[in-house]
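Let me begin by presenting the structure, written as structure tokens, before commenting on it.
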Amino acid sequence: MKIKINAKTLFFFLLISLVLILPIVLYALHMGGTLSNKNEDWGDFGSFIGGIYGSFFSSLSLIVVVLAALETYRSNKEQIAISRNDQHYNQFNLLISNLRSGFPQHFKYGPNDVRNIGNHYHNFAVRLGISVIASYDENLSLEQNLRNNANQYYLEQYQFLFEREARLFKCIINIIAITSHDLSQAFKIIFENTFTEEERLSLESYTRAYHQDLKSELDKWESLSKIPEEAISNARTNLRLNGMDA
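Every letter in the sequence shown is one number past the one before it in my numbering, and letter 104, counting from 1, is 104.
What follows is the structure, encoded as structure tokens:
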């Protein structure tokens, strides 16, 4: 079986060999190449070797101890990171499971009128297309205008419709914010695949309306939701009919 030695290992062994041989070579060149028959010369040679190699091996031992400590630190740091990621993953799964199972399926349209939540999403999209007429800011894009109106919509109506869900969503966002980049991106993909576009838009709009401390984190999550094409098309039509251009 062939043993492969990489370039760094080969260089290390060559360097060590050179350091070990060089003092003997220099001593022989300086003191003469013949072996002495005097005990004093051998004693001096032993003192020389002991001084040179004793210091060398002491330094080498210190380097090995430092490298071992650094490797232990690196290994412990990796284990802590893995453990932390596992903890975040378990917390995320628990929160998203509770959010999914408890997401509203109905809403109160009136005192004695309970309707399917799909009706709310449809009314929400229609409302966005109309509301842009009364509060259109030409300094903002059409989509940003609609997003601002979506936030305002939940401030004015359905104040408690997604409150429980927004609290769970806040915890999910906080976990995403503190976990590693790769895992946080995976969490976002899982979330987007778990909830429909309508659910995500309504939840984001409600959360922005009532939990403004999350604005910076939500701004980073550009793929969280998008304004329905129906709302954008209706908004453009309504603006055009009222002499405005988006």
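Quick reminder that beta carbons are idealized off the backbone N, C-alpha and C, glycines included.
The Cβ-Cβ distance between residue 209 and residue 155 falls below 8 Å. Looking at the DSSP output, residue 113 sits in a beta bridge with 110. Within the model, the alpha-carbon separation for residue 234 versus residue 202 is close to 18 Å. The three-state secondary structure of residue 165, taken from DSSP, is helix. Cβ-Cβ separation between residue 99 and residue 197: approximately 16 Å, too far for a contact (criterion under 8 Å).
When rounded, the separation of the alpha-carbon atoms in residue 120 and residue 105 is 10 Å. In the three-state DSSP reduction, residue 143 falls in the helix class (H, G or I). Residue state for residue 195 is assigned as coil, using DSSP reduced to three classes. Taking 8 Å as the cut-off, the Cβ atoms of residue 162 and residue 109 do not count as close. Minimum Cα-Cα distance from residue 168 among the listed residues 132, 40 and 214 corresponds to 214. A check of alpha carbon separations from residue 221 across 192, 211, 113 and 159 identifies 192 as the nearest. Close CB contacts of residue 171 within its chain, under the 7 Å cut and outside five residues either way in sequence, are with 95 (chain order).
Residue 129 places its beta carbon less than 8 Å from that of residue 231. Under the three-state reduction of DSSP, residue 136 is assigned to coil, being neither helix nor strand.
Residue 60 sits exposed, since fewer than 16 C-beta atoms from the chains shown fall within 10 Å of its C-beta. Within the model, the alpha-carbon separation for residue 236 versus residue 212 is close to 28 Å.
Within the same chain, 106, 107 and 109 come within 7 Å of residue 115 by CB-CB distance, once the 5 residues on both sides are set aside. Spanning the alpha carbons of residue 199 and residue 159 requires a straight line of approximately 16 Å. In the three-state reduction of the DSSP assignment, residue 222 falls in the coil class, being assigned neither a helical nor a strand state. Your pair residue 137 and residue 149 does not check out as a contact, with CB atoms roughly 10 Å apart and the cut at 8 Å. Annotated as proximal: residue 179 and residue 85, with beta-carbon spacing under 8 Å.
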